[in-house]
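First comes the structure, then the notes that go with it.
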Amino acid sequence: MATRGFRRKQPAAAAGRSPPGQYVTPDFPVLSAGPTPRVNLATWSFAIEDPDGRELYRCTWDELRALTASEVVVDIHCVTKWSKLDTRWKGVSFDTLLRAAGVEPPTDYAMAFCDGGYTTNLSVADLRTDNVLIAYEYDGAPLAAQHGGPVRLLVPHLYFWKSAKWVRGFRFMKTNQPGFWETHGYHLRGDPWKEQRYQGD
Amino acid sequence: MTEGADSGPRLVWREAEVLAVVAETASARSITLRVPDWPGHAAGQHVDVRLTADDGYQAQRSYSIASPPEQADIVLTVERVEDGEVSSYLTEETRPGDRLELRGPIGGYFTWTGTLPGPLQLVGGGSGIVPLMAMLRHRANERTRPAARLLSSWRTRDAIIYRDELERLASDDPQLAVVHTLTRESPPGWSGPRGRIDADMLRAFAYAPEQQPRLYVCGPTPFVEAVADALVQLGHAPECIKTERFGPTGDR
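These protein sequences, in sequence, are chains E and L. In short: position in the first sequence from 1, add 2, done, that's my numbering. In short: position in the second sequence from 1, add 39, done, that's my numbering.
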């Protein structure tokens, strides 16, 4: 349905690089369901748990930083319609983390859990996709708290709510259970190129 | 790869008819929409609006619903954003009789119903008041209702959205307190507070942690960051503070 009198304002060149329904912004907007948690790095740790909640691995901030790091430059896409191009991140890939942990994924799905109680579900296949990081640097500087610092997930091929801020670990799941936003009506996977914003998309 | 179960109902695009457009301020318009088969909403939820140009180009944005669940036609209050592709259309071009595509309601977290116990504390920055207004309108329709306070921040007195209606609601209801603060001017006759909302202002006008309020904070990102931090600093439990942020951060 054409909307009477509506005309494009966004440059067409930028629109070509963003998924359907998105607009490109140079800004880095913030969306969070609650206050920004303040994290003490001295007591911070990152855990991997089996489906019964048993700990398979735990590392401290220093131990995470000692793992082989990767740098990526990726476009990111938020379900609230903004996309940001060529963002630069540094962190540890999921496979690097698993190798360091000596953990073979026991199931096909995992729930990321975070300070502040946020969770989001991901398939192991999505976590093993290129450019996915447990990220601690953005644009050459430590990741700011309001953007998820000290450590957030970066899953750039899915809508950005999957790139959980303030992440503290993964719990493997026997079946694909919804996390925080997925329980509140958002899509279980969230592929921006298929415009999987909400349940049923 | 498994896409997972599509357990919920699909959010379909609906063609709504614009019934009325009201100027709330110089830059904000309230648009009343009749939405066919609207499934109903909770106070605090939003919709996605989709505009389509003649060449097929589409733009989508999210807008909070200002009307309460009890009202059949929904109202969106839209503040014009500088260079905003969708907001400038909705505030400058839209008129009664137009048709707009939308889908919703969206967002099941930043919501309030009258059955929730505990006093209701709302803190809004600018057009962040819109979902909070849906909560206050919903509350006004409830027979038994918890006490409520709204603390809202505006640049100028003329920028205040819903000022007359809020005054009316508060004058009819001893259990409701409405306080506006102005950050950019001090007009003659202004008796309310001045300056940004900080811990001191929250101590003066908001419920204390011991009163165990349900807290909803909505506004531009720097506003919400500052208010939510101050609330935590005052001793409110982070899990009792629901936030909704919008707009630029200035970060690159």
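Backbone N, C-alpha and C fix where the C-beta goes; we use that ideal spot for every residue, glycine too.
The beta-bridge partner set that DSSP reports for Asn-123/E consists of Met-113/E. Proximity of chain E to Ala-111/L at the Cβ level (cut-off 8 Å) is not reached, the minimal Cβ distance being about 22 Å. Any Cβ of chain L closer than 9 Å to the Cβ of His-79/E would place that residue at the interface, and such an atom is absent. The three-state secondary structure of His-79/E, taken from DSSP, is strand. The shortest C-alpha to C-alpha distance from Leu-161/L to any of Thr-260/L, Tyr-246/L, Ile-199/L is the one to Tyr-246/L. Look at Arg-49/L here: in three-state DSSP terms it is coil, with no helix or strand label. Within the same chain, and ignoring the five residues on either side of Leu-58/L in sequence, the residues whose Cβ sits closer than 7 Å to its Cβ are Thr-71, Leu-72, Arg-73, Asp-112, Pro-135. Cβ neighbours of Pro-259/L within its own chain (closer than 6 Å, five residues either side excluded): Gly-164, Gly-286.
Scanning Arg-142/L, Ser-191/L, Val-271/L, Gly-79/L for the CA closest to the CA of Tyr-102/L turns up Arg-142/L. Residue state for Tyr-96/L is assigned as coil, using DSSP reduced to three classes. Sequence-distant Cβ neighbours of Gln-251/L in its own chain, meaning closer than 7 Å and more than five residues away, are Gly-157.
In the three-state DSSP reduction, Trp-229/L falls in the coil class, being neither helix nor strand. Fewer than three pairs of CB atoms, one per stretch, sit closer than 8 Å, so the stretch 94-113 of chain E makes no contact with the stretch 186-195 of chain E. For Leu-221/L, the closest alpha carbon among the candidates Gly-231/L, Asp-212/L, Leu-215/L is that of Gly-231/L. Taking C-beta atoms as the reference points, Thr-282/L and Phe-149/L count as a pair closer than 9 Å.
In this structure Met-174/L is in contact with Trp-151/L, their Cβ atoms being roughly 5 Å apart against a cut-off of 8 Å.
Gln-97/L has a beta carbon lying within less than 9 Å of a beta carbon in chain E. Looking at Gly-142/E, Gly-118/E, Pro-31/E, the one whose alpha-carbon comes closest to that of Val-74/E is Gly-142/E. Per DSSP, the unbroken alpha helix (DSSP H) holding Met-174/L starts and ends at 168-179. Taking C-alpha positions only, Arg-10/E is separated from His-186/E by approximately 32 Å. Taking the beta carbon of Arg-49/L as reference, the chain E residues within 9 Å of it are Tyr-200, Gln-201, Gly-202, Asp-203, listed in sequence order. Taking the Cβ atoms as the reference, Trp-84/E lies roughly 16 Å from Leu-156/E, outside the contact range of under 8 Å. Distance from the CA of Trp-183/E to the CA of Thr-183/L, rounded to the nearest whole angstrom, comes to 31 Å. The residue from Asp-93/L, Ile-199/L, His-177/L with its alpha-carbon nearest to that of Pro-107/L is His-177/L.
Arg-68/L is positioned such that its CB atom lies no closer than 9 Å to that of Asp-87/L. With respect to chain L, the C-beta atom of Pro-39/E has a partner C-beta closer than 9 Å.
By the C-beta density criterion, Glu-121/L is exposed, having fewer than 16 other C-beta atoms within 10 angstroms.
Only Pro-22, Gly-23, Gln-24, Tyr-25, Thr-27, Pro-28, Asp-29, Phe-30, Pro-31, Val-32, Leu-33, Ser-34 from the stretch 20-34 of chain E bring a Cβ to less than 9 Å from some Cβ of chain L.
Here Pro-158/E really is in contact with Asp-77/E; their C-beta atoms are around 7 Å apart, less than 8 Å. Around the beta carbon of Ser-47/E, a 10 Å sphere encloses fewer than 16 other beta carbons of the protein chains shown; the residue is thus reported as exposed.
The alpha-carbon of Leu-160/E is positioned some 7 Å away from that of His-79/E. At a Cβ-Cβ threshold of 9 Å, Pro-277/L and Gly-36/E count as neighbours.
When the Cα atoms are used, Pro-170/L and Gln-84/L turn out to be separated by approximately 7 Å. In chain order, Gly-187, Tyr-188, His-189 place their CB closer than 8 Å to the CB of Tyr-200/E, counting only its own chain and leaving out the 5 sequence neighbours on each side.
Secondary structure of Phe-96/E (DSSP, three-state): helix.
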